Structure formats: structure tokens, C-alpha cells
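**Q**
Protein chains: 2
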Amino acid sequence: MTIKEVCEKFNITADTLRYYERVGVIPEVHRTAGGIRDFTEEDIGWVKTMTCFRSAGVPVEMLIEYRRLFELGDDTFIARCNLLKEAREKILEEKKRYDDALKKLNYKIAKYEEACQTGVLNWDDETLAK
Amino acid sequence: MTIKEVCEKFNITADTLRYYERVGVIPEVHRTAGGIRDFTEEDIGWVKTMTCFRSAGVPVEMLIEYRRLFELGDDTFIARCNLLKEAREKILEEKKRYDDALKKLNYKIAKYEEACQTGVLNWDDETLAK
DNA sequence: ATACAACTTGGAGTTGACTCTAAGTCAAGT
DNA sequence: ACTTGACTTAGAGTCAACTCCAAGTTGTAT
């Protein structure tokens, strides 16, 4: 699969893919005789996993470390497991913050919709105003 | 309330608070006679709202625009409402990505915990391996 | 009244994650 | 054989969001 096809499949730019390869988020991608990237299923599996984690805010640094451990072989099962658990904690924390913000947003949107009708903004709780 | 107390209350740095004031995420904070920031309840209300939205990934740019509209008065109810709805869409999208990543992470963690016991990693779906 | 921590400002520097540029190579169509 | 467009590299540049610095001021505890 060409770099362009992979980009379209995962909705990222070619520059980002090359960057991921360069820094070690994904492995060195298979090439044609002419030196052009030709992603194997295995390469694509890495792209799939890593872009998913990246888009959930897992830092590039952490993904590089995961791949490094993977390359080191089966002795790193525990380390990889711990790293994934750390990533999960981060995501769960982030999600909690998102839920807080959503609750606040929904409240404010409701108040503003009311205000658009009545012309008057009216907060139940002054600390939520503004 | 001093800048230090506000920092501790919302778990951000004084530099960040001053930056938020400078760029207009929060209003010009009330000062003592000597020129030192002395946050009123109103100031703190802004900090509360804005840090909540920021930590859910709403861009600074958007928060500045919201405050600008607020300053313009009641004619901007609709614009503010639309801006908040846009922010909500962003957050919901983000949350979806986080859920995807969590699902994948939970699966992988389970597999790795199994592998730590048995010594063998075993994926049901090869595209989830790596 | 003197030390000393905490505050002030304007402006420069850093960080993470891309994103772009230049100069060149490869591949497909005519 | 030639054009055209997608690809290659190394390395520089950009962007958002802070974060740090220097030089000076304020407030409080001895």
C-alpha cells in the first residue's frame, strides 16, 4: 500500500507518517526496489494502533517507548503492560475532565438558549456564570 | 485572593494565569493599591470556567473569542451560544476517539496480562497486534 | 528598618508535534 | 524520450500554549 493510500485510510498526512517512522513510532516501512514506501499489512497494523492512541492524546514519547520495548522481545511483556496501563490512566483522567466540561457546557448552552428566547441570562449558580 | 491561592485552587501556574489575563482568556484581574493581583469572586468565576474548558481541550483562541463576545454585551447571546455548541461538538468528537483508544487499550492490557502468566502473546485479530 | 519571600512587567525561550522546503529520484502515460 | 506527478531525504520552520528570565517593587516578619 502506498503512503498516499495509508494517509487516506487513517486520515493523516504523509509528512506525519514519515515523521512517525523517523522517530520510531512505527517501524521502518517496507520499500520497493526504487526506495519508495510500500506498507505491508504489518506496517499498517502499527499505523492503525499508533494513530488510534495518538488521537487519544497518548504522547509520541510513550509510543516510541512501547515500540522500543516491542523490539526488545518477549522479556518486556510486563514493561509493555505497565506502559499501556499508564496510558489508560491518562486517558481515563482526561475523559473525566471532558465530562466535567461537557456538563458545564450543556448547562451554559441551555441557559443561553433560554436567553435567546427571553432576552435575559439567568444563572442559578453565580460561580457558573461568565 | 492572591495569585498563589488561585493557582493552588485550580492547579495551574502563576505564569499561566498571567498569560490568560494578558491574552484575554480572563478579564483584567482586580489589583491592590500596590498593583498586586487580588482576585475577586468574579475573577475566580472566570478562572473556574476557563480552566475547565481549557482542560477539556477547548483552544485558547476560542476562549478569547467567548470573552470578547461577553464584553460586547447582550447582543451576542446567539454568537456565544453558537460558540459553546461548537466547543461541545469538538469535545464530543474527542471523547469518541478516547473511547476507541480505551477499548483497544483494555483489549491489549488483557492480552498482556495473560501473556505475563503464560509467557505467550496471542491476538484474536492480527490487525490489533503490535 | 531590614531582610526576604512573593509579587510585578515586558519580552524571550521552550516544548511537543508536526509541517514545510529544496533538491533530487521514481513511475506511469503519451 | 519526455513530461507529469508522486515519491524520496535532510533539515529547517511553524504553531499553540505555555514557561522562563531579568530587573525591579511590595508586603510581612523579625
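If you read the sequences in order, they're chains A and B. Taking our numbering, the leading residue of the first sequence gets 1259, the next gets one more, and so forth. Taking our numbering, the leading residue of the second sequence gets 1259, the next gets one more, and so forth. Backbone N, C-alpha and C fix where the C-beta goes; we use that ideal spot for every residue, glycine too. None of the values given here were measured: they were computed from a predicted structure.
In the DSSP output, which residue or residues are listed as bridge partners for B/Arg1295?
**A** B/Arg1289, per the DSSP bridge assignment.
**Q** In chain order, what residues of the segment 1302 to 1326 of chain B put their CB closer than 8 Å to some CB of chain A?
**A** Taking 8 Å as the Cβ-Cβ cut-off against chain A, the residues of the segment 1302 to 1326 of chain B that qualify are Ile1302, Gly1303, Trp1304, Lys1306, Thr1307, Cys1310, Phe1311, Ser1313, Ala1314, Gly1315, Val1316.
**Q** Just curious, the alpha helix (DSSP H) that A/Ala1337 is in, first and last residue?
**A** Element bounds for A/Ala1337: 1335 to 1376.
**Q** Along the chain, where does the alpha helix (DSSP H) containing A/Asp1273 start, and where does it finish?
**A** Unbroken alpha helix (DSSP H) run through A/Asp1273: 1272 to 1281.
**Q** For chain A, find out if any of its Cβ atoms is closer than 8 Å to the Cβ of B/Glu1384; answer yes or no.
**A** Yes, because at least one Cβ of chain A sits closer than 8 Å to the Cβ of B/Glu1384.
**Q** To the nearest angstrom, how far is the alpha carbon of A/Glu1323 from that of A/Gly1331?
**A** Cα-Cα distance, rounded: 13 Å.
**Q** Which of helix, strand or coil does DSSP assign to B/Leu1379?
**A** In this structure, B/Leu1379 counts as coil in the three-state DSSP scheme.
**Q** Report yes or no: do three or more beta-carbon pairs, one from the segment 1311 to 1329 of chain B and one from the segment 1330 to 1346 of chain A, lie closer than 8 Å?
**A** Result no; under three Cβ-Cβ pairs closer than 8 Å.
**Q** Assign A/Lys1354 to buried or exposed, taking buried as 16 or more other Cβ atoms, counted over all protein chains shown, within 10 Å of its Cβ.
**A** Classification of A/Lys1354: exposed, given that the 10 Å Cβ count is below 16.
**Q** Going by beta carbon distance, what residues of the same chain come within less than 8 Å of B/Lys1306, once the five residues before and after it are set aside?
**A** So the list reads Phe1268, once near-sequence residues are dropped.
**Q** Which parts of the segment 1299 to 1328 of chain B are runs of the alpha helix (DSSP H), unbroken and 4 residues or longer, counting only runs that do not cross its ends?
**A** For the segment 1299 to 1328 of chain B, whole alpha helix (DSSP H) runs of length 4 or above, ordered along the chain, are 1299 to 1313.
**Q** Quick check on this structure: which residue in B/Asp1333, B/Arg1276, B/Gly1293, B/Phe1311 has the alpha carbon closest to the alpha carbon of A/Thr1376?
**A** Here the closest residue by C-alpha is B/Asp1333.
**Q** From the beta carbon of A/Leu1275, is the nearest beta carbon of chain B less than 8 Å away?
**A** No, no contact with chain B.
**Q** Applying the 10 Å Cβ sphere with the 16-neighbour rule, what's the burial state of A/Thr1389?
**A** In the structure as shown, chain A begins at 1259 and stops at 1388. Residue 1389 of chain A is therefore absent and cannot be evaluated.
**Q** How would you call B/Arg1295, buried or exposed, if buried means at least 16 neighbouring beta carbons within 10 angstroms?
**A** Looking at its Cβ environment, which holds 16 or more other Cβ atoms inside 10 Å, B/Arg1295 is buried.
**Q** Could you tell me the boundaries of the alpha helix (DSSP H) in which B/Ile1261 lies?
**A** It spans 1261 to 1268 - the alpha helix (DSSP H) in which B/Ile1261 sits, taken as one unbroken run.
**Q** Report the residues of the segment 1359 to 1377 of chain A with a CB closer than 8 Å to any CB of chain B, ordered along the chain.
**A** Per Cβ criterion, the list reads Ala1359, Leu1360, Lys1362, Leu1363, Asn1364, Lys1366, Ile1367, Tyr1370, Glu1371, Ala1373, Cys1374, Gly1377.
**Q** List the residues of chain B whose Cβ lies closer than 7 Å to the Cβ of A/Cys1339, in chain order.
**A** Residues of chain B passing the Cβ test: Ile1367, Tyr1370, Glu1371, Cys1374.
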